[in-house]
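> These protein sequence lines map, in sequence, to chains A and B. Take 3 as the starting number for the first sequence in our numbering and just add one per residue. Take 3 as the starting number for the second sequence in our numbering and just add one per residue.
Number of protein chains: 2
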Amino acid sequence: MLYAGVMSAALPPFPTPEESHDAPQLLQVAPSPEEPCLRADAARNRARLLEAAARLIAEHGVAGVTMEAVAAAAQVGKGTVFRRFGDRTGLLMALLDHSDRQLQADFLGGPPPLGPGAPALDRLRAFGVAVLYRSAEQLDLQLAAQPEPTRRFSHPAIGARRTHIAVLLRQIVPDADCDLLSQTLLASLDPALIHHQHRQRGMPMERLEAGWTDLVARVTRTEPPPR
Amino acid sequence: MLYAGVMSAALPPFPTPEESHDAPQLLQVAPSPEEPCLRADAARNRARLLEAAARLIAEHGVAGVTMEAVAAAAQVGKGTVFRRFGDRTGLLMALLDHSDRQLQADFLGGPPPLGPGAPALDRLRAFGVAVLYRSAEQLDLQLAAQPEPTRRFSHPAIGARRTHIAVLLRQIVPDADCDLLSQTLLASLDPALIHHQHRQRGMPMERLEAGWTDLVARVTRTEPPPR
DNA sequence: CAAATAAACGGACCTCGGTCCGGATCGTAA
DNA sequence: TTACGATCCGGACCGAGGTCCGTTTATTTG
């Protein structure tokens with residue numbers, strides 16, 4: 003389990019203030035237009051908390067990330083953790099934030115086929131594969147960071163992915179209900195599903211990758227790629 | 003919110019003993035071959051607990067279903083609740099058990115197009131629609147009964163549905179990776195997804211139904227039905 | 001019917017997520 | 001530099017899920 007990415011994600015002092023779980027923004031990419039910019043001590047504590055959480059994960063796994071433990075490790079009061087991140091999943095999602103932004107930057111402005119420049123169909127294929135492997139790398143954290151079912155699709159990062167898929171789909175199958183189809187496609191990349199297929203049913207990642215490619219071909223009614 | 007179905011589910015003294023959450027049986031239908039058959043007092047308490055839980059839901063919503071409250075309402079010790087149902091989700095899933103069996107009986111042996119007799123494609127369409135509306139009716143309970151991500155696909159009832167979809171798919175697109183496709187299709191019927199589309203994004207159920215029909219057509223590479 | 005054994009019971013107890021509010025700190029403006 | 005208000009901090013506190021184990025009860029066997 004390599005949590006190096008997670009560690010680095012903890013370092014930038016970008017604030018994700020406590021109001022982070024409602025803004026229905028469609029496409030986030032920068033640390034949001036202009037954050038209320040935390041007070042100096044708040045920003046410092048935020049960074050220490052993320053770092054402490056990452057350290058706890060590295061040492062004791064996700065299960066070891068107790069709100070009290072994180073607070074203690076960061077030498078901070080428990081209330082501070084909740085003030086900053088709202089709840090446990092908020093903290094864990096913040097740990098994934100860096101990697102979320104990375105992915106988003108890649109498919110919004112990175113090199114093809116993930117980024118713009120390639121045909122939409124190729125971008126869609128590449129997107130799924132990217133999400134697949136990214137999730138597989140951080141599966142434990144991804145699973146633990148899943149909020150209760152009611153909010154599972156409310157996270158901005160998820161919304162951004164859905165929108166991206168929908169945009170691509172509209173270029174390929176303009177007549178379809180792309181808003182709906184995009185959700186379905188995204189659901190097939192759910193970390194819990196990956197966990198079940200890969201770990202519980204033992205399917206190799208290559209098969210999941212092929213499954214995604216095939217699914218995209220079927221849904222778009224195009225020929226499967228030669229492989 | 004009609005919980006009549008739930009109430010009636012509480013009545014049959016069928017035991018679902020504490021070992022119910024691992025048996026990887028492919029198709030359950032009866033109350034399992036021969037349950038270890040609970041002791042008389044245990045069966046009685048089980049029934050009282052289910053009844054109490056259903057009553058609490060009817061009165062205070064799912065949020066009112068506290069393990070202690072259920073125990074108290076059933077005039078039983080808290081430990082007994084956990085012994086019987088393992089954990090909270092176990093209790094809530096037990097409440098859905100009756101409706102699960104009903105659905106299963108319908109698609110395994112009921113009248114077409116859900117049951118055998120109709121072409122596989124029609125059965126697949128009907129299956130999705132059935133699951134869709136059934137879930138919509140009990141959304142709150144369905145959402146609350148979702149276990150942590152790790153076990154979300156381990157429930158026997160889910161496995162049965164997956165298998166059923168896979169069987170149908172194999173008759174329609176024998177060359178596809180039906181085991182994988184079936185999971186994807188099932189994922190698009192996830193209660194959390196329905197909740198998000200229908201309640202949070204305001205899509206009418208008819209649109210979700212059309213979405214399923216369209217998805218099935220695309221995935222099987224068949225013509226969409228005339229409507 | 002009585003003794004023996006396995007199963008079930010109950011509730012005290014623990015942990016952990018989440019809340020609350022009096023007090024400390026930071027940023028700012030005079 | 002000082003004063004002031006907004007923001008933040010901390011940890012006591014609460015509720016609910018889950019565990020444990022001494023006690024009770026159903027069932028079986030002689």
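Backbone N, C-alpha and C fix where the C-beta goes; we use that ideal spot for every residue, glycine too.
Comparing the C-beta of A:MET205 with each C-beta of chain B, is any distance below 9 Å?
Chain B, which has a Cβ nearer than 9 Å to the Cβ of A:MET205, makes this yes.
> Between the Cα of B:ALA146 and those of A:LEU145, A:ARG153, A:GLU208 and A:VAL64, spot the shortest distance and give me the residue it belongs to.
The residue with the shortest Cα to Cα distance from B:ALA146 is A:ARG153.
> Could you give the residue range of the alpha helix (DSSP H) that holds B:GLY119?
Element bounds for B:GLY119: n/a, residue is neither H nor E.
> Using a cut-off of 7 Å between C-beta atoms, extract the partners of B:SER190 located in chain A.
Going along chain A in sequence order, the residues near B:SER190 (Cβ under 7 Å) are THR186 and ALA189.
> Can you name the residues of chain B whose CB is closer than 7 Å to the CB of A:GLY213?
Correct list: ASP179 and LEU182.
> Below 8 Å CB to CB, which residues in the same chain sit around B:ASP108 once its five sequence neighbours on both sides are set aside?
Answer for B:ASP108: LEU116, GLY117 and ALA132, listed in chain order.
> Going along the stretch 78-103 of chain A in order, which residues come within less than 9 Å of chain B, judged by CB to CB distance?
Correct list: empty, as no residue qualifies.
> Measuring CA to CA, which of B:HIS197, B:ILE59, B:ALA71 and B:ARG164 is closest to B:TYR135?
Ranking B:HIS197, B:ILE59, B:ALA71 and B:ARG164 by Cα distance to B:TYR135 puts B:HIS197 first.
> With distances taken from CA atoms, which of B:MET69, B:ALA76, B:THR186 and B:VAL78 is nearest B:GLY88?
Residue B:MET69 is the option with its Cα nearest to B:GLY88.
> Quick one: grab the DSSP three-state call for A:LEU210.
Here A:LEU210 sits in helix by DSSP.
> Give the residues of chain B in contact with A:PRO193, contact being defined as C-beta atoms less than 9 Å apart.
What A:PRO193 touches in chain B: PRO151.
> Using 8 Å for Cβ pairs, my map puts B:LEU171 next to B:SER184. What's the rounded Cβ distance?
Indeed, because the Cβ distance is near 6 Å, the residues count as touching under 8 Å.
> Please go through the same chain and pick out, in chain order, the residues whose beta-carbon is closer than 8 Å to the beta-carbon of A:ALA219, but skip the five residues on each side of it.
Excluding residues within five positions, the ones whose Cβ falls inside 8 Å are GLU225, PRO226 and PRO227.
> Could you tell me the distance, in whole angstroms, from the CA atom of A:LEU217 to the CA atom of A:ASN47?
For A:LEU217 and A:ASN47, the distance between alpha carbons rounds to 45 Å.
> Please look up how many angstroms separate the CB atoms of B:ILE160 and B:LEU126, rounded, as I've assumed it's under 8 Å.
At roughly 17 Å, the Cβ-Cβ gap does not stay under 8 Å, so B:ILE160 and B:LEU126 are not in contact.
> Hey, how far is the Cα of B:LEU97 from the Cα of B:PRO114?
Those two C-alpha atoms are separated by around 27 Å.
> Less than 9 Å separating the beta-carbons of B:GLN148 and A:GLU208?
No, these two residues do not count as a Cβ contact at 9 Å.
> Where A:ALA71 and A:ASP43 are concerned, what is the direct C-alpha to C-alpha distance, given to the nearest angstrom?
C-alpha separation (whole angstroms): 20 Å.
> Could you have a look at B:LEU217 and say whether DSSP puts it in helix, strand or coil?
The answer is helix: DSSP assigns B:LEU217 an H, G or I state.
> Select from B:ARG163, B:THR215, B:HIS157 and B:TRP214 the residue whose C-alpha is nearest the C-alpha of B:MET95.
Nearest C-alpha to B:MET95: B:HIS157.
> Shorter than 9 Å from the beta carbon of B:ARG136 to some beta carbon of chain A?
Cβ-Cβ to chain A under 9 Å: no for B:ARG136.
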